[in-house]
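Please read the structure below before turning to the comments.
In this note's numbering, the protein residues as written are 6 to 155.
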C-alpha cells in the first residue's frame with residue numbers, strides 16, 4: 006500500500022502568516038513582518054517556502070458572483086446512473102461553465118457541485134448539460150443566502 010505524503014509541519018509563525026494571508030491575500034511583506042515580529046526577508050523566505058511546499062496554493066480575488074451576473078447559486082448532488090461504468094464525472098465536468106467546485110462526499114450521492122448561474126432557466130440548462138456530459142442523476146439545493154464563506 007502506498008504511503009501518503011507527510012503533511013507539512015507548521016510552526017506558530019507559519020500559522021500566523023497563513024491566517025493573515027487568508028484574511029488579506031494582498032498583505033505586504035512589511036505588514037506581515039510587523040505582525041510576526043520578524044524581518045521582511047525572514048517573512049519573504051517563509052512565505053516562499055510555504056508556497057513551494059504547496060501549503061499556500063495561490064492567491065485569488067474574492068469576487069461577488071452577483072456582480073458577474075450569477076444571481077443563483079446551488080449545490081448539485083450527482084450520482085452515476087450506471088455504477089459499473091468508470092467514475093470519471095469530475096474530469097468530465099471540470100470544464101463545464103457554471104460549475105465552480107466539485108467535492109467527493111460520503112452518503113447517498115457521489116459528488117456535490119457548487120454551481121452559479123444567472124437564472125432558474127440557466128440552472129435547468131446546466132443540469133441538463135451535467136446529466137448528459139457525465140451520465141449522472143442530479144439533486145439540486147438552491148442557496149438562498151450565504152452568511153459566511155471563508
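No residue lacks a Cβ here, since even glycine has one placed at the ideal position from N, Cα and C. Since we're looking at a predicted model, the values are computed, not measured.
| Check | Outcome |
| --- | --- |
| Validate contact between the region 48-57 and the region 110-117 using beta carbons, cut 8 angstroms, 3 pairs | no |
| For residue 79: DSSP bridge partner residues | 120 and 147 |
| DSSP beta-bridge partners of residue 109 | 116 |
| Cβ pair count under 8 angstroms reaching 3, the region 128-140 against the region 97-107 | yes |
| Assumed close pair residue 94, residue 85 - CB separation to whole angstroms, cut-off 8 angstroms | 7 angstroms |
| Three-way DSSP call (helix, strand, coil) for residue 95 in this model | helix |
| Residue 106 classed as buried or exposed, judged by whether at least 16 other C-beta atoms fall within 10 angstroms | exposed |
| Span of the alpha helix (DSSP H) around residue 14 | Premise fails: residue 14 is in no alpha helix (DSSP H) and is neither H nor E. |
| Whether residue 83 touches residue 147 by CB criterion (8 angstroms) | no |
| Given residue 20 as reference, the closest of 76, 40, 98 and 71 once Cα atoms are compared | 40 |
| Sequence-distant residues of its chain with Cβ nearer than 7 angstroms to residue 25 (five each side left out) | 32, 37 and 40 |
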